[in-house]
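Undergrad: Residues in the sequence shown are numbered from 4 upward in steps of one, following this note's numbering.
Yeah, the Cβ is synthetic: ideal placement off N, Cα and C, and Gly gets one too.
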Amino acid sequence: MNKRNFIKSSLLMVAGTLLTSVKVMSESKQKPKAPGIIYSEADQGKWDGKSGSHAPVVKVEGSQVTLTTEHGMSDKHYIVRHTLVTEKGEVVGAKTFKPTDEKAVSTFSVDGHKGKLVATSFCNLHDLWVTEFSV
4 MNKRNFIKSS LLMVAGTLLT SVKVMSESKQ KPKAPGIIYS EADQGKWDGK SGSHAPVVKV
64 EGSQVTLTTE HGMSDKHYIV RHTLVTEKGE VVGAKTFKPT DEKAVSTFSV DGHKGKLVAT
124 SFCNLHDLWV TEFSV
């Protein structure tokens with residue numbers, strides 16, 4: 004399996020895990036828990052101290068949400084993807100990055116969405132990070 008297919012397969016598995024966690028969260032009113040798979044500022048697990056450069060920073064302006072991950076981008080270590088998901092597990096938008104991209108920044112329209120959203124940032128070395136917020 005080549006590197007590109009491995010990354011795609013890994014992202015699909017992580018996305019499935021995240022969507023399941025978000026659905027469980029919305030049904031049980033609890034935060035998603037998946038030790039060793041999903042991390043947040045409040046639950047950094049084995050990556051303690053990495054949230055500042057891995058958890059997505061959310062900026063809401065009107066019906067636009069901008070996600071920024073303050074993380075360097077290089078062939079060996081970079082942010083692979085941002086995804087914005089509703090509380091029900093619906094994907095609002097996603098952007099895949101390349102190691103050659105200058106920054107990991109994405110903007111999505113949330114027109115028509117109200118309530119909790121989950122922003123994700125996936126690092127090729129430090130796993131999946133989430134930031135929950137409401138619009």
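(1) Following the continuous beta strand (DSSP E) through G96, name the residue where it begins and the one where it ends.
(2) Nearest-angstrom Cα distance between G52 and H74?
(3) On the DSSP bridge list, what partners appear for I41?
(4) Taking all protein chains shown into account, do 16 or more other C-beta atoms lie within 10 angstroms of the C-beta of S77, making it buried, or fewer, making it exposed?
(5) Verify whether the separation of the beta carbon atoms of V95 and H116 is less than 8 Å.
(6) Pick out whichever of T71, G118, I40 has its Cα sitting closest to the Cα of G92.
(7) Is K62 helix, strand or coil when you go by DSSP?
(8) Please list the terminal residues of the continuous beta strand (DSSP E) segment that includes H85.
(9) Would the beta-carbon of W132 fall within 8 Å of that of H85?
(10) Whole angstroms is fine: what's the gap from Q47's alpha carbon to F136's?
(11) If you check the beta carbons only, do V88 and V121 fall under 8 Å apart?
(12) Would you call the CB atoms of F111 and V68 closer than 8 Å?
(13) For the alpha helix (DSSP H) that S54 lies in, which residues bound it at each end?
TA: To lay it out plainly:
(1) Here the beta strand (DSSP E) through G96 covers 94-99.
(2) For G52 and H74, the distance between alpha carbons rounds to 13 Å.
(3) DSSP lists L131 as partners of I41.
(4) A residue is called buried when at least 16 other Cβ atoms come within 10 angstroms of its Cβ; S77 does not meet this threshold and is exposed.
(5) Yes. Within cutoff.
(6) The candidate whose alpha carbon is nearest that of G92 is G118.
(7) Shown here, K62 sits in a strand according to DSSP, grouped into three states.
(8) Start and end: 82-89.
(9) Here W132 is not near H85, since their CB atoms are 8 Å or more apart.
(10) Here the alpha carbons of F136 and Q47 stand approximately 18 Å from one another.
(11) Yes, the pair counts as a contact, with Cβ atoms nearer than the cut-off.
(12) In contact: F111 and V68 (Cβ atoms closer than 8 Å).
(13) Its alpha helix (DSSP H) spans residues 54-57.
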